[in-house]
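Numbering (full-length UniProt numbering), first residue to last: 1 to 241.
Every residue gets a Cβ at the ideal spot worked out from N, C-alpha and C, and that includes glycine.
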Amino acid sequence: MANPCNQLSLAIKAGDHPKVTEILDSGLQVATPGHFLLATQKKDYATLKLFLSHGWDINTDIDSLVPSALVYAFEDVELLDWFLDHGADPNKESRIRDCTPLSYAVMEAPFNIVKYLFENGGQLKRGQLLHYAAMRRKDDSYEVLQFIYNEDPDYNELQINKLLDEGTSHHLMNYRSGLGTPLHYAASSGSVDMVSFLLDKGAAHRLDPYHRSPIGYAVYYGHYEVEQVLKARMTLGAGSA
């Protein structure tokens with residue numbers, strides 16, 4: 001007997017909508033997040049609509065870290081609009097950490113998409129956005145970090161020296177995962193601008209759970225200029241103490 005899970009994958013790949021309908025009519029339990037993701041990546045709106053009409057939750061986790069298929073819609077505004085129009089939540093938290101589709105956008109998506117998600121329900125106080133902005137590795141990383149911080153400076157001032165997940169329900173589970181502060185992540189990126197910005201906003205030289213400092217991150221990743229900036233600020237701070 002043919003495996004219905006495999007049959008569904010083949011039908012989605014082939015764009016065989018009658019076959020997709022037939023399989024889903026037999027019961028939604030055969031469908032997996034991987035199937036919905038496949039249809040998303042193919043931008044197959046007909047199949048996506050079939051999933052939703054059969055009761056699929058558009059905010060279903062893709063896996064323990066990826067909160068929903070919305071994460072895979074950032075490179076296509078039409079697809080992104082479709083997801084948002086059908087109830088996709090940019091603030092949906094992943095299973096094992098306070099990480100949302102907006103967190104992924106802040107870390108990886110085009111800047112205009114980050115702004116667009118804020119205009120369509122994205123919330124600053126969900127998803128540890130300052131941390132994920134500091135993880136960004138694009139030419140506009142500094143601008144995105146500034147944007148996120150300036151959305152609510154008072155709130156971000158309270159987050160700037162927290163380890164990732166600190167103060168959330170996931171903290172104990174993830175504590176030994178080498179979690180850092182925004183300054184750790186900015187130091188590992190090699191961006192002098194990001195590091196200087198965070199220092200100007202009050203970022204401290206806190207150690208991560210493995211007793212690694214932001215300077216240690218800069219040294220490890222070979223970012224000499226960042227290392228010098230951090231050391232100079234430490235010296236300045238010690239001199240004024």
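If residue i sits next to residue j, beta carbons under 8 angstroms apart, how far is it from one beta carbon to the other, in whole angstroms?
i	j	result
S94	S64	7 angstroms
G127	D165	Going by Cβ atoms, the distance from G127 to D165 rounds to 11 angstroms, so no, they are not a contact pair.
D61	P67	6 angstroms
If we call anything under 8 angstroms between Cβ atoms a contact, is residue i one with residue j?
i	j	result
P90	T100	yes
Q7	I23	yes
G202	I148	no
V20	T47	yes
I58	H86	yes
S213	H223	no
K43	L79	yes
M135	Y185	yes
A73	W56	no
A218	L207	no
H54	L38	no
S189	R137	yes
L129	M194	no
F36	A14	no
L124	Y155	yes
E225	I215	no
H17	L52	no
V106	Y142	no
Y45	W82	yes
Check whether the Cβ of residue i lies closer than 7 angstroms to any heavy atom of the ligand FMN, and answer yes or no.
i	result
E157	With respect to small molecules bound, the structure shown includes none, and the ligand FMN cannot be examined in it.
Report task. Evaluate the contact criterion for the region 180-200 versus the region 109-127: three or more CB pairs, one atom per stretch, below 8 angstroms. Result -> As far as the Cβ criterion goes, the region 180-200 does not touch the region 109-127, which means the pair count is below three.
Query - alpha helix (DSSP H) runs contained entirely in the region 96-177, provided each spans 4 or more residues - result: 101-108, 111-119, 129-134, 141-151, 153-159 and 171-174
Query raised in the report: Fully enclosed by the region 12-77, which alpha helix (DSSP H) runs are 4 residues long or longer?
Result: 17-25, 33-41 and 45-53
Query - Contiguous beta strand (DSSP E) assignments of at least 3 residues, all confined to the region 181-213 - result: none
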